[in-house]
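**Student:**
Numbering (UniProt numbering), first residue to last: 1 to 293.
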(Lines of atoms letter the chains of each structure in order from A and count residues from 1; the text may use other names and numbers.)
(Lines give C-alpha, C1' and ligand atoms only; values in the text may rest on other atoms or scores of the structure.)
Protein backbone atom coordinates (compact mmCIF):
# COMPACT_ATOMS: atom_id res chain seq x y z
CA UNK A 1 0.00 0.00 0.00
CA UNK A 2 1.21 3.50 -0.86
CA UNK A 3 1.85 5.88 2.03
CA UNK A 4 -1.09 8.08 3.04
CA UNK A 5 -0.34 11.55 4.41
CA UNK A 6 -2.97 12.41 7.04
CA UNK A 7 -4.07 16.05 7.36
CA UNK A 8 -4.89 17.61 10.71
CA UNK A 9 -8.26 19.12 9.82
CA UNK A 10 -10.22 16.60 7.76
CA UNK A 11 -13.82 16.13 8.90
CA UNK A 12 -16.44 13.46 8.37
CA UNK A 13 -18.66 14.36 5.39
CA UNK A 14 -21.67 12.81 7.16
CA UNK A 15 -21.62 14.49 10.59
CA UNK A 16 -18.75 17.04 10.28
CA UNK A 17 -16.84 15.59 13.23
CA UNK A 18 -13.02 15.48 13.12
CA UNK A 19 -11.45 12.45 11.47
CA UNK A 20 -8.51 10.62 13.02
CA UNK A 21 -6.26 7.98 11.52
CA UNK A 22 -6.99 4.53 12.94
CA UNK A 23 -4.99 1.80 11.25
CA UNK A 24 -5.95 1.77 7.58
CA UNK A 25 -8.94 4.06 7.99
CA UNK A 26 -10.04 7.54 8.99
CA UNK A 27 -12.70 7.44 11.70
CA UNK A 28 -14.90 9.97 13.49
CA UNK A 29 -16.45 9.77 16.97
CA UNK A 30 -19.82 9.17 15.33
CA UNK A 31 -18.63 5.76 14.19
CA UNK A 32 -18.20 6.53 10.49
CA UNK A 33 -15.14 4.99 8.88
CA UNK A 34 -13.40 5.73 5.57
CA UNK A 35 -10.79 3.30 4.29
CA UNK A 36 -7.46 4.51 2.97
CA UNK A 37 -7.15 3.29 -0.63
CA UNK A 38 -4.12 1.20 -1.53
CA UNK A 39 -2.92 4.04 -3.77
CA UNK A 40 -2.66 6.35 -0.73
CA UNK A 41 -5.78 8.55 -0.79
CA UNK A 42 -9.13 8.65 1.01
CA UNK A 43 -12.61 8.94 -0.48
CA UNK A 44 -14.74 11.40 1.51
CA UNK A 45 -17.52 11.72 -1.07
CA UNK A 46 -20.55 9.83 0.30
CA UNK A 47 -22.69 7.92 -2.17
CA UNK A 48 -25.69 10.10 -1.33
CA UNK A 49 -23.70 13.20 -2.31
CA UNK A 50 -22.85 11.92 -5.79
CA UNK A 51 -24.87 13.35 -8.65
CA UNK A 52 -23.76 10.54 -10.98
CA UNK A 53 -22.22 7.09 -10.71
CA UNK A 54 -18.77 8.37 -11.69
CA UNK A 55 -18.67 12.14 -11.01
CA UNK A 56 -15.99 14.51 -12.24
CA UNK A 57 -13.49 14.01 -15.03
CA UNK A 58 -13.42 10.58 -16.64
CA UNK A 59 -10.39 8.31 -16.68
CA UNK A 60 -9.80 9.22 -20.34
CA UNK A 61 -9.88 12.96 -19.58
CA UNK A 62 -7.44 12.56 -16.70
CA UNK A 63 -5.01 10.48 -18.77
CA UNK A 64 -5.13 13.02 -21.61
CA UNK A 65 -4.46 15.89 -19.21
CA UNK A 66 -1.60 13.97 -17.60
CA UNK A 67 0.15 13.49 -20.94
CA UNK A 68 -0.42 17.11 -21.97
CA UNK A 69 0.79 18.65 -18.70
CA UNK A 70 3.75 16.31 -18.29
CA UNK A 71 4.95 17.48 -21.72
CA UNK A 72 5.43 20.92 -20.14
CA UNK A 73 2.94 22.63 -22.44
CA UNK A 74 1.33 24.59 -19.59
CA UNK A 75 4.45 25.07 -17.47
CA UNK A 76 4.27 28.91 -17.68
CA UNK A 77 0.86 28.68 -15.95
CA UNK A 78 2.39 26.56 -13.20
CA UNK A 79 5.34 28.95 -12.89
CA UNK A 80 3.03 31.95 -12.47
CA UNK A 81 1.03 30.11 -9.82
CA UNK A 82 4.19 29.23 -7.91
CA UNK A 83 5.31 32.86 -7.96
CA UNK A 84 1.94 34.09 -6.70
CA UNK A 85 1.92 31.52 -3.90
CA UNK A 86 5.41 32.62 -2.82
CA UNK A 87 4.27 36.25 -2.74
CA UNK A 88 1.14 35.46 -0.74
CA UNK A 89 2.98 33.29 1.78
CA UNK A 90 5.50 36.09 2.33
CA UNK A 91 2.66 38.55 2.85
CA UNK A 92 0.91 36.32 5.36
CA UNK A 93 4.04 36.02 7.50
CA UNK A 94 2.64 33.01 9.34
CA UNK A 95 4.68 30.01 10.46
CA UNK A 96 2.23 27.16 9.96
CA UNK A 97 0.52 27.16 6.57
CA UNK A 98 -2.23 24.95 5.13
CA UNK A 99 -2.63 25.05 1.34
CA UNK A 100 -5.63 23.47 -0.39
CA UNK A 101 -5.86 22.73 -4.11
CA UNK A 102 -9.64 22.66 -4.62
CA UNK A 103 -10.33 20.70 -7.79
CA UNK A 104 -6.79 19.33 -7.98
CA UNK A 105 -7.43 16.96 -10.89
CA UNK A 106 -4.40 14.79 -11.57
CA UNK A 107 -2.32 16.85 -9.13
CA UNK A 108 0.08 18.55 -11.56
CA UNK A 109 -0.15 22.10 -10.23
CA UNK A 110 -0.05 21.26 -6.51
CA UNK A 111 2.74 18.71 -6.93
CA UNK A 112 4.85 21.09 -8.97
CA UNK A 113 4.18 23.86 -6.44
CA UNK A 114 5.34 21.55 -3.66
CA UNK A 115 8.58 20.60 -5.39
CA UNK A 116 9.53 23.86 -7.13
CA UNK A 117 8.79 25.98 -4.04
CA UNK A 118 10.42 23.38 -1.78
CA UNK A 119 7.34 23.11 0.42
CA UNK A 120 7.59 19.38 1.04
CA UNK A 121 10.57 19.73 3.36
CA UNK A 122 8.90 22.31 5.60
CA UNK A 123 7.44 20.91 8.82
CA UNK A 124 4.82 23.62 9.21
CA UNK A 125 3.33 23.34 5.71
CA UNK A 126 0.31 21.11 5.13
CA UNK A 127 -0.78 20.39 1.55
CA UNK A 128 -4.17 19.00 0.54
CA UNK A 129 -5.60 18.18 -2.87
CA UNK A 130 -9.35 17.59 -3.25
CA UNK A 131 -11.17 16.52 -6.40
CA UNK A 132 -14.53 14.94 -7.12
CA UNK A 133 -12.97 12.60 -9.72
CA UNK A 134 -11.54 9.44 -8.20
CA UNK A 135 -9.51 9.00 -11.39
CA UNK A 136 -7.88 12.37 -10.87
CA UNK A 137 -7.01 11.69 -7.24
CA UNK A 138 -5.68 8.22 -8.07
CA UNK A 139 -3.40 9.78 -10.69
CA UNK A 140 -2.25 12.45 -8.22
CA UNK A 141 -0.96 9.86 -5.74
CA UNK A 142 1.61 8.74 -8.31
CA UNK A 143 3.67 11.86 -7.60
CA UNK A 144 4.51 10.17 -4.27
CA UNK A 145 4.74 13.42 -2.33
CA UNK A 146 3.66 14.18 1.27
CA UNK A 147 0.33 15.61 0.13
CA UNK A 148 -3.08 14.58 1.47
CA UNK A 149 -5.15 13.49 -1.53
CA UNK A 150 -8.92 13.35 -1.04
CA UNK A 151 -11.90 12.48 -3.22
CA UNK A 152 -14.43 15.14 -2.27
CA UNK A 153 -16.53 18.02 -3.54
CA UNK A 154 -15.81 21.75 -3.65
CA UNK A 155 -19.49 22.17 -2.80
CA UNK A 156 -19.01 20.46 0.58
CA UNK A 157 -15.33 20.44 1.44
CA UNK A 158 -14.54 17.83 4.13
CA UNK A 159 -12.30 20.26 5.99
CA UNK A 160 -12.73 21.93 9.38
CA UNK A 161 -13.87 25.56 9.38
CA UNK A 162 -11.26 28.35 9.46
CA UNK A 163 -8.20 26.10 9.09
CA UNK A 164 -6.92 26.87 5.57
CA UNK A 165 -4.53 29.74 4.77
CA UNK A 166 -4.50 29.52 0.98
CA UNK A 167 -6.77 27.90 -1.61
CA UNK A 168 -5.73 27.45 -5.22
CA UNK A 169 -8.37 26.66 -7.83
CA UNK A 170 -7.01 26.00 -11.30
CA UNK A 171 -9.75 26.20 -13.95
CA UNK A 172 -12.13 24.56 -11.47
CA UNK A 173 -15.64 25.11 -10.19
CA UNK A 174 -15.12 27.33 -7.19
CA UNK A 175 -17.66 27.83 -4.43
CA UNK A 176 -17.30 31.13 -2.50
CA UNK A 177 -19.53 30.01 0.36
CA UNK A 178 -17.56 26.80 0.93
CA UNK A 179 -14.15 28.31 0.32
CA UNK A 180 -14.81 31.03 2.89
CA UNK A 181 -16.11 28.44 5.33
CA UNK A 182 -12.74 26.66 5.45
CA UNK A 183 -10.52 29.76 5.07
CA UNK A 184 -9.00 31.51 8.05
CA UNK A 185 -9.78 35.26 8.32
CA UNK A 186 -7.21 36.95 6.10
CA UNK A 187 -6.81 33.78 4.06
CA UNK A 188 -6.34 33.97 0.30
CA UNK A 189 -7.76 32.31 -2.81
CA UNK A 190 -5.83 32.14 -6.08
CA UNK A 191 -8.09 31.54 -9.07
CA UNK A 192 -6.78 30.64 -12.53
CA UNK A 193 -9.34 31.09 -15.29
CA UNK A 194 -9.34 31.08 -19.07
CA UNK A 195 -8.90 34.47 -20.72
CA UNK A 196 -11.08 35.61 -23.63
CA UNK A 197 -8.52 34.48 -26.21
CA UNK A 198 -7.46 31.23 -24.51
CA UNK A 199 -7.00 28.47 -27.13
CA UNK A 200 -8.55 30.77 -29.74
CA UNK A 201 -6.92 28.91 -32.64
CA UNK A 202 -8.57 25.65 -31.56
CA UNK A 203 -11.92 27.30 -30.88
CA UNK A 204 -11.97 28.86 -34.36
CA UNK A 205 -11.58 25.38 -35.83
CA UNK A 206 -14.17 23.51 -33.78
CA UNK A 207 -16.92 26.14 -33.52
CA UNK A 208 -18.85 27.89 -36.27
CA UNK A 209 -19.11 30.97 -34.06
CA UNK A 210 -16.61 31.84 -31.32
CA UNK A 211 -17.86 33.63 -28.22
CA UNK A 212 -15.26 35.68 -26.34
CA UNK A 213 -16.20 35.65 -22.67
CA UNK A 214 -14.51 37.59 -19.91
CA UNK A 215 -13.83 36.02 -16.51
CA UNK A 216 -16.94 35.80 -14.30
CA UNK A 217 -18.02 38.68 -12.09
CA UNK A 218 -16.90 38.64 -8.46
CA UNK A 219 -20.17 40.05 -7.09
CA UNK A 220 -21.09 36.75 -5.42
CA UNK A 221 -17.58 36.52 -3.99
CA UNK A 222 -17.76 40.04 -2.58
CA UNK A 223 -21.02 39.15 -0.86
CA UNK A 224 -19.15 36.29 0.85
CA UNK A 225 -16.48 38.64 2.24
CA UNK A 226 -13.89 38.21 -0.51
CA UNK A 227 -11.95 41.15 -1.94
CA UNK A 228 -9.83 41.22 -5.09
CA UNK A 229 -6.27 42.14 -4.07
CA UNK A 230 -4.25 41.18 -7.16
CA UNK A 231 -4.80 40.23 -10.78
CA UNK A 232 -2.38 39.07 -13.46
CA UNK A 233 -2.81 37.99 -17.06
CA UNK A 234 -0.32 35.73 -18.78
CA UNK A 235 -0.26 34.94 -22.48
CA UNK A 236 2.14 32.59 -24.21
CA UNK A 237 2.46 30.20 -27.11
CA UNK A 238 3.29 26.60 -26.15
CA UNK A 239 5.45 24.59 -28.51
CA UNK A 240 3.64 23.45 -31.65
CA UNK A 241 1.21 20.66 -30.77
CA UNK A 242 1.43 17.39 -32.67
CA UNK A 243 -1.56 15.27 -33.66
CA UNK A 244 -1.65 13.28 -30.40
CA UNK A 245 -1.37 16.45 -28.28
CA UNK A 246 -4.20 18.10 -30.21
CA UNK A 247 -6.40 15.12 -29.40
CA UNK A 248 -5.35 15.19 -25.73
CA UNK A 249 -6.14 18.91 -25.51
CA UNK A 250 -9.58 18.32 -26.98
CA UNK A 251 -10.31 15.41 -24.64
CA UNK A 252 -9.10 17.17 -21.46
CA UNK A 253 -11.20 20.32 -21.92
CA UNK A 254 -14.97 21.02 -21.93
CA UNK A 255 -14.68 21.53 -25.70
CA UNK A 256 -14.99 17.75 -26.07
CA UNK A 257 -18.65 18.04 -25.06
CA UNK A 258 -19.44 21.49 -26.42
CA UNK A 259 -18.19 21.09 -29.99
CA UNK A 260 -20.28 19.30 -32.59
CA UNK A 261 -19.10 16.23 -34.48
CA UNK A 262 -17.86 18.17 -37.50
CA UNK A 263 -15.85 20.56 -35.36
CA UNK A 264 -14.14 17.77 -33.45
CA UNK A 265 -13.39 15.92 -36.67
CA UNK A 266 -11.78 19.05 -38.14
CA UNK A 267 -9.49 19.34 -35.12
CA UNK A 268 -8.56 15.67 -35.07
CA UNK A 269 -7.53 15.76 -38.72
CA UNK A 270 -4.85 18.39 -38.02
CA UNK A 271 -1.25 17.19 -38.02
CA UNK A 272 -0.04 20.17 -35.97
CA UNK A 273 -1.37 23.31 -34.33
CA UNK A 274 0.11 26.52 -32.95
CA UNK A 275 -1.86 27.85 -30.00
CA UNK A 276 -2.19 30.90 -27.78
CA UNK A 277 -2.74 30.28 -24.09
CA UNK A 278 -4.23 33.15 -22.10
CA UNK A 279 -4.91 32.81 -18.39
CA UNK A 280 -6.22 35.29 -15.82
CA UNK A 281 -5.05 34.90 -12.23
CA UNK A 282 -7.09 36.60 -9.51
CA UNK A 283 -6.08 36.72 -5.86
CA UNK A 284 -8.89 37.19 -3.35
CA UNK A 285 -8.56 37.92 0.37
CA UNK A 286 -11.15 36.77 2.88
CA UNK A 287 -12.29 39.11 5.61
CA UNK A 288 -15.53 37.95 7.24
CA UNK A 289 -18.35 40.45 7.08
CA UNK A 290 -19.57 41.57 10.54
CA UNK A 291 -23.06 40.18 9.85
CA UNK A 292 -21.55 36.76 9.01
CA UNK A 293 -19.35 36.38 12.09
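The beta carbon of each residue, even a glycine, is placed where N, CA and C say it ideally should be.
Considering only their Cβ atoms, is the gap separating residue 130 from residue 113 smaller than 7 Å?
**Tutor:** no
**Student:** Can we say the region 255 to 263 touches the region 203 to 211, given the rule of at least three CB pairs closer than 8 Å?
**Tutor:** Contact holds between the region 255 to 263 and the region 203 to 211, because three or more Cβ pairs, one in each stretch, are under 8 Å apart.
**Student:** Are the beta-carbon atoms of residue 168 and residue 106 separated by less than 7 Å?
**Tutor:** no
**Student:** Since I believe residue 280 is in contact with residue 193 (beta carbons under 8 Å), could you give me their beta-carbon distance rounded to a whole number of angstroms?
**Tutor:** For a cut-off of 8 Å, the C-beta gap from residue 193 to residue 280 is around 5 Å, short enough to register as a contact.
**Student:** Could you give the distance in angstroms between the alpha-carbon of residue 147 and the alpha-carbon of residue 166?
**Tutor:** 15 Å
**Student:** Hey, out of 269, 103, 116 and 99, whose CA is closest to residue 126's CA?
**Tutor:** 99
**Student:** Measure the alpha-carbon distance for residue 269 versus residue 73 and round it to whole angstroms.
**Tutor:** 21 Å
**Student:** With a CB to CB cut of under 7 Å and the five nearest residues on each side skipped, what residues in its chain are close to residue 64?
**Tutor:** 248, 251 and 252
**Student:** Write down the C-beta distance between residue 282 and residue 191 rounded to the nearest angstrom, noting that I regard them as a contact closer than 8 Å.
**Tutor:** Contact check for residue 282 and residue 191: beta-carbon distance about 5 Å, within the 8 Å limit, so the pair qualifies.
**Student:** At the level of alpha carbons, what is the spacing between residue 267 and residue 200?
**Tutor:** 13 Å
**Student:** Closest to residue 229 by CA distance: which of 217, 223 and 189 is it?
**Tutor:** 189
**Student:** Whole-angstrom Cβ separation of residue 36 and residue 68, contact assumed at under 8 Å?
**Tutor:** About 29 Å separates the two Cβ atoms, so there is no contact after all.
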